[in-house]
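Chemist:
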């Protein structure tokens, strides 16, 4: 038995080592997905984030602090609009990389901008669900952008300088659904800043509901074909193509007014979201969020940014 023990131990070690390697290879999450998950959790800890709320202000401060760690400066675009609940103040948070001055919209317009990356930070006010957090609609998207910005600043600074990041306020309507007069308050105001940009940004990417379990994405049917092909290229490069497709019709979301301003913008949004069990329901909480899905969304979006900003 003494002669066989070293052989047994060696065999056991090999089995354990092989299992660990197998587990590592087949682990569908990585540090980027896990980091985005942690940022999602931190944003949800700020509480509900409807327009003009303390929770939203805390979330904006968290984002500004995190982005500053990686060389990004932030500014606010404030606006007051009439809503079904009276006048409300909305605040878009806008970020640029390694800029010495970013205090107002004129500073912003003076910077070269090749692409826009955005998501809405506000959560919906829902009667009967006062603590609605909007984990995937759309804290997860904002969390992912924090991680994308960190990686761009660290490893792709020349690309980061060409990107404008926007965390939109007021995407959610105060009524049940978005209408021409209710919802998209922040993105509509931001889009007005694009009309006289010279040169105008070449593309936009809006993220919404990109962190849910069993990730399924369906971009609007009227999406710019070059941007859709860029999405497919990035997904296929990582073997993620099964998660992405195209919806049967158009979708009303923050990309709408960017497109109208002449910046072709793709809306990367959860498929058939209005028929899920969690959209605008109490189930849109942290339990819905998957680090694996955030890993998929991270690499697909980063692939697009590298391709589009690098052209």
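Residue numbers (our numbering): 9 to 319.
All residues carry an ideal CB built from backbone N, CA and C; glycine is no exception.
Please read these numbers as outputs of a predicted model, since none were measured by experiment.
1) In this structure, how does DSSP classify residue 77 when only helix, strand and coil are distinguished?
2) Could you tell me whether the Cβ atoms of residue 100 and residue 176 are closer together than 8 Å?
3) Would you say residue 302 and residue 41 are within 8 Å of each other, going by their C-beta atoms?
4) Determine the DSSP secondary structure at residue 95, reduced to helix, strand or coil.
5) First and last residue of the alpha helix (DSSP H) that includes residue 303?
6) Excluding the 5 residues flanking residue 287 on each side, which residues of the same chain have their C-beta closer than 7 Å to its C-beta?
7) Please state the DSSP three-state secondary structure of residue 42.
8) Cβ atoms of residue 57 and residue 80: under 8 Å apart, would you say?
9) Quick one: what's residue 86 bridged to in DSSP?
10) Going straight from the alpha carbon of residue 296 to that of residue 147, what length do you get?
11) With residue 252 as the anchor, note down where its alpha helix (DSSP H) starts and where it stops.
12) Give the straight-line distance between the Cα atoms of residue 173 and residue 102, rounded to the nearest whole angstrom.
13) State yes or no: is the C-beta of residue 299 within less than 8 Å of the C-beta of residue 279?
14) Where do the ends of the alpha helix (DSSP H) carrying residue 280 lie?
15) Which two residues bound the contiguous alpha helix (DSSP H) that contains residue 220?
16) Comparing C-alpha positions only, which one of 284, 186, 276, 237 sits nearest to residue 91?
17) Check whether the region 185–205 touches the region 154–161, taking contact to mean three or more Cβ pairs, one atom from each stretch, closer than 8 Å.
18) Taking the alpha-carbon of residue 242 as reference, which of 306, 84, 94 has the nearest alpha-carbon?
19) Can we say the region 227–240 touches the region 158–166, given the rule of at least three CB pairs closer than 8 Å?
20) Measure the CB-CB distance between residue 127 and residue 98 and report whether it falls below 8 Å.
21) When you compare the CB positions of residue 85 and residue 113, do they come within less than 8 Å of one another, or not?
22) Provide the residue(s) that pair with residue 227 in DSSP beta bridges, ordered along the chain.
23) Roughly how many angstroms lie between the CA atoms of residue 67 and residue 319, to the nearest whole one?
Modeler: Let me lay it out:
1) Translated into the one-based positions of the chain shown, residue 77 becomes position 69. If DSSP states are grouped into helix, strand and coil, residue 77 belongs with coil.
2) What you label residue 100 is simply residue 92 of the chain shown in a count that begins at 1. What you label residue 176 is simply residue 168 of the chain shown in a count that begins at 1. Yes, the pair counts as a contact, with Cβ atoms nearer than the cut-off.
3) Along the chain shown, one-based indexing puts residue 302 at 294. Along the chain shown, one-based indexing puts residue 41 at 33. Contact: yes.
4) Your numbering for residue 95 matches position 87 in the chain shown. Residue state for residue 95 is assigned as strand, using DSSP reduced to three classes.
5) In the chain shown, the residue the question calls residue 303 occupies position 295. Here the alpha helix (DSSP H) through residue 303 covers 299–318.
6) Position 279 of the chain shown, counted from the start, is the residue given in the question as residue 287. Taking C-beta separations shorter than 7 Å and ignoring five residues to either side along the sequence, the partners of residue 287 in its chain run 145, 281, following chain order.
7) Indexing the chain shown from 1 puts residue 42 at position 34. In the three-state DSSP reduction, residue 42 falls in the helix class (H, G or I).
8) If you number the chain shown from 1, residue 80 lands on position 72. If you number the chain shown from 1, residue 57 lands on position 49. Not closer than 8 Å, so no.
9) In the chain shown, counting from the first residue as 1, residue 86 sits at position 78. Paired residue(s): 99.
10) By 1-based counting over the chain shown, the position of residue 296 is 288. By 1-based counting over the chain shown, the position of residue 147 is 139. Their Cα atoms are separated by approximately 12 Å.
11) Numbered from 1 along the chain shown, position 244 holds the residue referred to as residue 252. Membership of residue 252 in any alpha helix (DSSP H) is not indicated; the residue belongs instead to the beta strand (DSSP E) covering 252–254.
12) Start at 1 with the first residue of the chain shown, and residue 173 comes out as number 165. Start at 1 with the first residue of the chain shown, and residue 102 comes out as number 94. Going by the C-alpha atoms only, they are around 6 Å apart.
13) Position 291 of the chain shown, counted from the start, is the residue given in the question as residue 299. Position 271 of the chain shown, counted from the start, is the residue given in the question as residue 279. Cβ atoms of residue 299 and residue 279: not closer than 8 Å.
14) Counted from its first residue, the chain shown places residue 280 at position 272. Here residue 280 belongs to no alpha helix (DSSP H), and DSSP marks it neither H nor E.
15) Locating residue 220 in the chain shown gives position 212, counting from the first residue. Neither: residue 220 is in no alpha helix (DSSP H) and is coded neither H nor E.
16) Counting from one through the chain shown, the residue named residue 91 turns up at place 83. Looking from the CA of residue 91, the closest CA among 284, 186, 276, 237 belongs to 186.
17) Segments in contact, no.
18) On the chain shown, position 234 is the one that residue 242 refers to. Ranking the options by Cα distance to residue 242, first place goes to 306.
19) Result no; under three Cβ-Cβ pairs closer than 8 Å.
20) What you label residue 127 is simply residue 119 of the chain shown in a count that begins at 1. What you label residue 98 is simply residue 90 of the chain shown in a count that begins at 1. With respect to residue 98, residue 127 sits apart: the two C-beta atoms are not nearer than 8 Å.
21) If you number the chain shown from 1, residue 85 lands on position 77. If you number the chain shown from 1, residue 113 lands on position 105. If you check the CB distance, residue 85 and residue 113 come in under 8 Å.
22) In the chain shown, residue 227 corresponds to position 219, counting from 1. Residue 227 has 254 as its beta-bridge partners, per DSSP.
23) As a first step, residue 67 must be located in the chain shown, where it is residue number 59. As a first step, residue 319 must be located in the chain shown, where it is residue number 311. Rounded to the nearest angstrom, the two C-alpha atoms are 33 Å apart.
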